[in-house]
Every structure is written in structure tokens, then in C-alpha cells.
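> Sharing a structure, written as C-alpha cells. Questions coming.
Residue numbers (full-length UniProt numbering): 1 to 230.
So this is what it looks like as C-alpha cells:
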């Protein structure tokens, strides 16, 4: 009888000889499977953790997404998801079976109130009872708590934007702070003309936008500090 360990090693070696094929196969698998396969060997873990692989997997996963194929809808306190595919096969009396409580991995108190403040490419930005901000990947079951604000420079990557208004010497100003996931730091933009930062903002062509209304006009504010009158 052939040694099982030897067969497993030869199979991995054969796949390693065809890195392009392995890359394409793994990129089409569900996230839960990839989380398990990271434990197969060091080379698989390294491949699955690479940024180009994450981008490719997201591209494949989002191809052909429609309302009928969407799976998750979040509520807070507790954080829950709804499986739309399962919901279609259930009657009204059993519809609660499609709801699943998600395990929030960040170590905050169970009594904390979690607010979902935004999302991008499967990453969820959450504010936990004003105790901290975290970036959460519910599919991978991973999260990262943002550090306290600093003034280091930023780079082009995923960012969290928050802002507030305050009064200085009788005039109101707006301050916007931007956190970079790549550098792990905050940057503050001060001295901006006053505008209302209500709402989450909307991502369009890589730039966050907010709608601001006056008595007669509608103004589009961009995350780069630009504004356009509609």
C-alpha cells in the first residue's frame, strides 16, 4: 500500500509545478474553503495571502452578482446575516431560519452597540459603541482594530473617512480625518469650509461623495476637498 503522506506530498509537488493552474483553481473557491486550505502548506498560505490573489478572487466572486444572488444583509446588536437563497425556499413561518448570527471577532464587550458605518469590496467598517473603529471581513472571519489617530502620511489603499464640525472664534469649520489601512495611520485635513457630513457618503470612481443641500441648491462634496453645484 502506498504511503498516504508520500502521495499527499507528490500531489502538492505536482500542483506546485503548475502555479498558474493552482492560482486559477483556488481563486474560484468559496472563502470558507480558502480559509481551510491556508493550512495545507506554507506555499498555499503564502499564495492565498498575496494581494494579487485577493483581487483576483474578489473579481471572480463578484462576476454576475444580482439581487437574487446576494447572500448577506447585516443588522446590528447582534450582528446578523440573511441568506437570501435559503429565504426563497422558506415560508413566512420559517423565514427566521434564514437568519444567522455572525460572530464578531473583535474583542469588544458583548454589551457594546455595533454600528455599520460603511463597506467596500466585502470589507465592513464598524463603530463599536464609540469605543473604537474596526475593519471587518465577515467572510474570512478576520478583523483589524484601527489604532488611535496619528498624523503620518498616507498612501493609495483602503481608507476610513470621518469628520466633524466645530466652532472657532465665532465661525464654523469642518475637520476630516482619513485612516490608511496600508500605513496604519491617520491624517487630518483642517481649515475646510463648513459643510454637513451627515450620512455615510457614496463611493464613485474611487472617491467618496456627500450630498449637501441648502435652501435653494444641491452641492456634491468630494473626498478630495472639491465641490460642485448642481
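Where is the CB? At the ideal position from N, CA and C, for every residue including glycine.
For residue 121, which of 99, 146 and 57 has the nearest alpha-carbon?
Mapped onto the chain shown, residue 121 falls at position 121. Closest option to residue 121, Cα to Cα, is 57.
> Strictly by DSSP, which residues pair up with residue 161?
Sequence index remark: in the chain shown, residue 161 carries index 161 (1-based). BP columns for residue 161 point to 178.
> Report the start-end ranges of each beta strand (DSSP E) in the region 35 to 63 that is 3 residues or longer and not cut off at the edges.
none
> Is there contact between the region 46 to 61 and the region 156 to 167, where contact requires at least three CB pairs shorter than 8 Å?
Touching, no.
> Express the C-alpha separation of residue 178 and residue 187 in angstroms, rounding to a whole number.
As a first step, residue 187 is located in the chain shown; it is residue number 187 there, counting from the start. As a first step, residue 178 is located in the chain shown; it is residue number 178 there, counting from the start. Using only the alpha carbons, I get a separation of about 5 Å.
> Could you work out which residue in 174, 160 and 141 is closest to residue 31 when comparing CA atoms only?
Along the chain shown, read from residue 1 onward, the residue named residue 31 stands at position 31. That would be 141, whose Cα lies nearest to the Cα of residue 31.
> Restricting to Cα atoms, I'd like to know which of 124, 35, 145 and 173 is closest to residue 191.
Taking the first residue of the chain shown as 1, we reach residue 191 at position 191. Here the closest residue by C-alpha is 173.
> For residue 93 and residue 189, I'd like the C-alpha separation in whole angstroms.
Indexing the chain shown from 1 puts residue 93 at position 93. Indexing the chain shown from 1 puts residue 189 at position 189. Straight-line Cα distance between these residues: approximately 52 Å.
> Provide the residue span of the beta strand (DSSP E) that contains residue 170, from first to last.
One-based indexing of the chain shown puts residue 170 at position 170. Taken as a continuous stretch (DSSP letters only), residue 170 belongs to no beta strand (DSSP E), as it is neither H nor E.
> If you draw a straight line from the C-alpha of residue 45 to the C-alpha of residue 136, how long is it?
As a first step, residue 45 is located in the chain shown; it is residue number 45 there, counting from the start. As a first step, residue 136 is located in the chain shown; it is residue number 136 there, counting from the start. About 20 Å.
> I need the straight-line Cα distance from residue 25 to residue 139, nearest angstrom please.
One-based indexing of the chain shown puts residue 25 at position 25. One-based indexing of the chain shown puts residue 139 at position 139. Roughly 19 Å between the two C-alpha positions.
> Pick out whichever of 158, 184 and 194 has its Cα sitting closest to the Cα of residue 208.
Within the chain shown, numbered from 1, the residue matching residue 208 stands at position 208. Measuring from the Cα of residue 208, the nearest candidate turns out to be 158.
> For residue 125, count neighbouring Cβ atoms within 10 angstroms of its own Cβ and tell me buried if that reaches 16, exposed if not.
Here residue 125 refers to the residue found at position 125 of the chain shown. Buried, since its Cβ has 16 or more Cβ neighbours within 10 Å.
> In three-state terms, what does DSSP make of residue 33?
Within the chain shown, numbered from 1, the residue matching residue 33 stands at position 33. It is helical.
> For residue 99 and residue 89, what's the separation of their Cα atoms in angstroms?
Within the chain shown, residue 99 is the residue found at index 99, counting from 1. Within the chain shown, residue 89 is the residue found at index 89, counting from 1. C-alpha separation (whole angstroms): 13 Å.
> Hey, would you say the C-beta of residue 27 is under 7 Å away from at least one heavy atom of the ligand COA?
Looking at this structure, you won't find the ligand COA or any other ligand, since it has none at all.
> Can you give me the Cβ contacts of residue 144 inside the same chain, cut-off strictly under 6 Å, excluding the 5 residues immediately before and after it?
To locate residue 144, count along the chain shown from 1; it is residue 144. The residues are 135.
> Going by DSSP in three states, residue 134 sits in which element: helix, strand or coil?
Start at 1 with the first residue of the chain shown, and residue 134 comes out as number 134. It is a strand residue.
> Relative to the C-alpha of residue 180, which residue among 171, 28 and 161 is closest?
Numbered from 1 along the chain shown, position 180 holds the residue referred to as residue 180. Of the listed residues, the one whose Cα sits closest to residue 180 is 161.
> Roughly how many angstroms lie between the CA atoms of residue 175 and residue 128, to the nearest whole one?
On the chain shown, residue 175 is found 175 positions in, with the first residue counted as 1. On the chain shown, residue 128 is found 128 positions in, with the first residue counted as 1. So the two alpha carbons sit approximately 22 Å from each other.
> Between the Cα of residue 185 and the Cα atoms of 146, 38, 50 and 118, which residue gives the shortest distance?
Taking the chain shown and counting its residues from 1, the one referred to as residue 185 is at position 185. Checking every option, the nearest Cα to that of residue 185 belongs to 146.
> In the DSSP assignment, the beta strand (DSSP E) including residue 125 goes from what residue to what residue?
Mapped onto the chain shown, residue 125 falls at position 125. Start and end: 123 to 128.
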